[in-house]
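Numbering (the numbering used here), first residue to last: 6 to 136.
We put the CB at the ideal spot given by N, CA and C, even for glycine.
Values in this document were obtained by computation on a predicted structure and should not be read as measured data.
Have a look at the structure below before the remarks.
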């Protein structure tokens with residue numbers, strides 16, 4: 006009975022496809038997930054930099070800056086935003102967003118606590134004395 010199947014290679018491609026398909030799908034999903042994570046991080050860095058700049062030149066207060074940053078980020082990131090003015094000299098913008106494992110739960114191994122950006126900028130018109 007087995008000799009009938011051993012003599013022919015019919016269905017060989019199908020079997021190989023079934024074996025390799027999950028690996029290809031996983032590789033595509035991981036690549037897409039990494040791309041989405043990097044795009045999210047880029048957006049968070051851009052927003053934190055722009056927000057810090059707007060506060061440092063006096064365009065926005067800290068409270069207005071939080072609303073400004075929330076409006077610039079996608080709600081799907083579920084951002085938590087803090088804007089602090091330190092000693093009336095430095096502006097610190099901290100943005101924490103949802104985890105970066107949107108498509109592939111195994112990404113928890115690489116990004117355990119989600120994504121976070123801290124951006125500090127000196128306020129304009131202030132000088133720093135001492136070290």
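Exercise for review: Return the residue from the list 38, 103 and 99 that minimises the CA-CA distance to residue 88.
Suggested key: Numbered from 1 along the chain shown, position 83 holds the residue referred to as residue 88. It is 99.
Exercise for review: Identify every run of the beta strand (DSSP E) within the segment 22-91, keeping only runs that are complete inside it and at least 3 residues long; order them along the chain.
Suggested key: 85-91
Check your understanding: Which same chain residues, not among the five before or five after residue 4, have their C-beta less than 7 Å away from its C-beta?
Key -> Nothing can be reported for residue 4: it is not among the residues displayed for the chain, which extend from 6 to 136.
Practice item. State the Cα-Cα distance for the pair residue 46 and residue 22, rounded to the nearest angstrom. Key: In the chain shown, the residue the question calls residue 46 occupies position 41. In the chain shown, the residue the question calls residue 22 occupies position 17. Each residue's Cα considered, the two are about 35 Å apart.
**Study point:** Residue of 97, 80 and 93 minimising C-alpha distance to residue 58
**Key:** Here residue 58 refers to the residue found at position 53 when the chain shown is read from its first residue. Out of 97, 80 and 93, 97 has the C-alpha closest to the C-alpha of residue 58.
Exercise for review: Less than 8 Å between the CB atoms is what I'm expecting for residue 124 and residue 103, so what's the real figure, rounded?
Suggested key: Start at 1 with the first residue of the chain shown, and residue 124 comes out as number 119. Start at 1 with the first residue of the chain shown, and residue 103 comes out as number 98. Not really, about 19 Å apart at Cβ, beyond 8 Å.
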